[in-house]
Amino acid sequence: MSLWSRPSPDLSDDDAFVALRAAILEPEIGDDFTRTILRRNRLECAKVRWRYWMPAAVGASIAVVALTLMLQLLTVAGPTGGRDLGAAEARRSETTVIFPTSTMR
Amino acid sequence: MGPMAETKIWNTGAWEAGEESTWLQRCREGDESALAVMIARHRVRLVRVAANILRDSNEAEDVAQESFIRGFRELWRLRDDRAFSGYLYRICVRLCMDRLRSRRPETIEFDSVQPCEGPAVENRVLIQKLLDRLTPELRATLVLREMEQFSYEEVAAAMKVPVGTVRSRLHTARERFRELWIDANREGQ
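Chain order of the listed sequences is C and H.
According to the working numbering, the residues represented by the first sequence are 26 to 130, in order.
According to the working numbering, the residues represented by the second sequence are 13 to 201, in order.
So, in structure tokens, the structure goes:
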């Protein structure tokens with residue numbers, strides 16, 4: 026036993042330290058002690074997994090939204106630069122020369 | 013004191029060398045039965061250490077549970093599996109000291125103990141009252157050494173301070189505790 030492994034004899038005999046050692050607590054451990062730790066540990070693991078994957082999930086969501094918007098824009102605009110040719114054609118047909126009819130003769 | 017003697021308190025079970033390492037490896041892989049084995053191995057001692065530092069059994073149980081959870085969460089940081097016990101006690105002592113620092117100073121009067129509760133209870137209350145007057149560092153050092161019979165090296169590892177600091181703190185704590193004890197007895201007479 027080393028010199029430091031036990032208190033020196035004068036302190037061991039001291040009333041104060043005898044009383045200190047006599048006041049040691051021996052707590053009883055609750056039945057659900059281990060279960061509580063395991064449950065909380067599972068929660069911790071879930072949180073860690075969530076924290077690990079969340080940036081990737083957020084990034085993927087943003088990418089999907091951006092891609093959808095881009096595709097939508099491309100579909101609406103088309104190769105003509107956004108002019109509505111159908112409407113223009115319709116207007117032109119309304120103002121074209123009327124074919125001769127029997128009343129004009 | 014040799015390395016085997018230094019760990020005599022922490023390694024209370026009769027596990028062979030490398031066995032703890034095997035269980036810890038399984039803990040790292042998320043095996044709950046291995047976690048339960050490690051908890052069963054250390055819980056009694058850990059709760060007792062926390063209870064004697066805090067002088068509160070319920071709070072001690074919370075602190076011990078928190079220590080296990082933090083210990084398992086940060087298990088990947090542990091390079092040497094043989095140091096697991098020391099690592100766990102270090103977390104526990106740190107949590108206890110944080111709780112002591114955040115406590116409001118309470119005035120526990122010795123007179124508040126009923127005589128019918130007996131001398132053992134009176135002694136416990138008086139000891140609690142005296143320990144409350146020590147700083148968290150002195151209190152934890154005194155409890156680990158005098159009550160839990162940790163070696164100097166174990167106290168140093170648990171409190172993450174050099175052995176010289178432990179000796180110095182222990183000397184101060186013993187002197188202070190003895191003064192408080194004498195004063196309390198003088199007042200009681």
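Beta carbons: idealized from backbone N, C-alpha and C, even for Gly.
Are the C-beta of H/Q37 and some C-beta of chain C separated by less than 7 Å? Translated into positions along the second sequence, residue 37 of chain H becomes position 25. It does not: the Cβ of H/Q37 has no partner Cβ on chain C nearer than 7 Å.
Identify which residue in H/L87, H/H54, H/L138, H/F80 has its Cα closest to the Cα of H/R38. Position 26 of the second sequence, counting from 1, holds the residue named residue 38 of chain H. Among H/L87, H/H54, H/L138, H/F80, the Cα nearest to that of H/R38 is on H/L87.
Determine whether the Cβ of C/T59 lies closer than 7 Å to any Cβ atom of chain H. Residue numbering aside, residue 59 of chain C sits at position 34 when the first sequence is read from its first letter. Yes, C/T59 counts as interfacial toward chain H.
If you follow the alpha helix (DSSP H) that C/R22 is in, where does it begin and where does it stop? Only positions 26 to 130 of chain C appear in this structure, which leaves residue 22 of chain C out of reach.
Which of helix, strand or coil does DSSP assign to H/A46? Position 34 of the second sequence, counting from 1, holds the residue named residue 46 of chain H. DSSP places H/A46 in helix when its eight states are reduced to three.
Give a yes or no on whether the minimum CB-CB distance between H/F80 and chain C is below 7 Å. Reading the second sequence from its first residue, position 68 is the one you call residue 80 of chain H. For H/F80, the answer is yes, since a Cβ of chain C falls inside 7 Å of its Cβ.
Should H/S97 go down as buried or exposed, given a rule of 16 or more other Cβ atoms within 10 Å for buried? Residue numbering aside, residue 97 of chain H sits at position 85 when the second sequence is read from its first letter. Flag for H/S97 reads buried.
According to the neighbour-count rule (16 or more other Cβ atoms, all chains shown, within 10 Å of its Cβ), is C/A47 buried or exposed? For this step, residue 47 of chain C is matched to residue 22 along the first sequence. Counting Cβ neighbours within 10 Å, C/A47 comes out exposed, since fewer than 16 surround it.
Are the C-beta atoms of C/R65 and some chain H residue less than 7 Å apart? For the purposes of this step, residue 65 of chain C is taken as residue 40 along the first sequence, with counting starting at 1. Closer than 7 Å to some Cβ of chain H, the Cβ of C/R65 qualifies, so yes.
What are the complete alpha helix (DSSP H) segments, minimum 4 residues, inside the segment 59-85 of chain H? Entirely contained in the segment 59-85 of chain H, the alpha helix (DSSP H) runs reaching 4 residues are, in chain order, 69-85.
Residue from H/Q77, H/L36, H/D93, H/H183 whose Cα sits closest to the Cα of C/D56: The count along the first sequence starts at 1 and reaches residue 56 of chain C at position 31. It is H/Q77.
Measure the CB-CB distance between H/V105 and H/A170 and report whether it falls below 7 Å. As a working note, residue 105 of chain H is residue 93 in the second sequence. As a working note, residue 170 of chain H is residue 158 in the second sequence. Yes. Within cutoff.
Kindly indicate the opening and closing residues of the alpha helix (DSSP H) around H/F5. This structure gives no information on residue 5 of chain H, because the portion of chain H shown stretches from 13 to 201.
Per-residue DSSP class, three states only, for C/I54: Here residue 54 of chain C refers to the residue found at position 29 when the first sequence is read from its first residue. DSSP places C/I54 in coil when its eight states are reduced to three.
H/E71 versus C/V83 - alpha carbon distance: Start at 1 with the first residue of the second sequence, and residue 71 of chain H comes out as number 59. Start at 1 with the first residue of the first sequence, and residue 83 of chain C comes out as number 58. Cα to Cα, the separation comes out at about 40 Å.
Work out the CA separation of H/I81 and C/I62 for me, nearest whole Å. Counting from one through the first sequence, the residue named residue 62 of chain C turns up at place 37. Counting from one through the second sequence, the residue named residue 81 of chain H turns up at place 69. Rounded to the nearest angstrom, the gap between the Cα atoms of C/I62 and H/I81 is 7 Å.
Nearest to H/R157 by CA position, among H/Q140, H/I103, H/L182, H/L143, is which residue? Stepping through the second sequence from its first residue, residue 157 of chain H is reached at position 145. For the set H/Q140, H/I103, H/L182, H/L143, the Cα lying nearest the Cα of H/R157 is the one of H/L182.
At the level of alpha carbons, what is the spacing between H/L112 and C/T59? Indexing the second sequence from 1 puts residue 112 of chain H at position 100. Indexing the first sequence from 1 puts residue 59 of chain C at position 34. Taking the straight line from one Cα to the other gives about 25 Å.
Can you tell me which of C/D40, C/A41, C/E53 puts its alpha carbon nearest to the alpha carbon of H/D68? Position 56 of the second sequence, counted from the first residue, corresponds to residue 68 of chain H. Closest by alpha carbon: C/E53.
Is the Cβ of H/R85 closer than 7 Å to any Cβ of chain C? As a first step, residue 85 of chain H is located in the second sequence; it is residue number 73 there, counting from the start. For H/R85, the answer is yes, since a Cβ of chain C falls inside 7 Å of its Cβ.
7 Å CB neighbourhood of H/C108 in its chain, flanking five on each side removed: The sequence position of residue 108 of chain H within the second sequence is 96, counting from 1. Closer than 7 Å at Cβ, skipping near neighbours: A62, I65, L66, V75, A152.
Proximal chain C residues relative to H/I51, where beta-carbon distance stays under 7 Å: In the second sequence, counting from the first residue as 1, residue 51 of chain H sits at position 39. The answer, in chain order, is T59, I62.
In angstroms, rounded to a whole number, what distance separates the CA positions of C/L45 and H/R60? Within the first sequence, residue 45 of chain C is the residue found at index 20, counting from 1. Within the second sequence, residue 60 of chain H is the residue found at index 48, counting from 1. Cα to Cα, C/L45 sits roughly 15 Å from H/R60.
With DSSP run on the structure shown, which of helix, strand or coil describes H/L192? By one-based count along the second sequence, residue 192 of chain H stands at place 180. Correct three-state label for H/L192: helix.
Just to confirm my understanding: we take H/G83, look at its own chain, exclude 5 residues before and 5 after, and list those with CB closer than 7 Å. What are they? Taking the first residue of the second sequence as 1, we reach residue 83 of chain H at position 71. So the list reads Y99, L100, I103, once near-sequence residues are dropped.
Using a C-beta cutoff of 7 Å, does C/L45 count as contacting chain H? On the first sequence, position 20 is the one that residue 45 of chain C refers to. Contacts with chain H at 7 Å (Cβ-Cβ) include C/L45.
Quick one: residues in its chain with C-beta nearer than 8 Å to the C-beta of H/L154, no 5 flanking neighbours on either side, listed in chain order? Taking the first residue of the second sequence as position 1, residue 154 of chain H is located at position 142. Taken in chain order, the residues that qualify are L143, L146, L182, A185, R186, F189.
Which residues in the same chain have their Cβ closer than 7 Å to the Cβ of H/K172, if we skip the five residues on either side of it in sequence? Against the second sequence, residue 172 of chain H aligns to sequence position 160. Answer for H/K172: R102, listed in chain order.
To the nearest angstrom, report how far apart H/L47 and H/N135 are at their CA atoms. Translated into positions along the second sequence, residue 47 of chain H becomes position 35. Translated into positions along the second sequence, residue 135 of chain H becomes position 123. Cα to Cα, H/L47 sits roughly 38 Å from H/N135.
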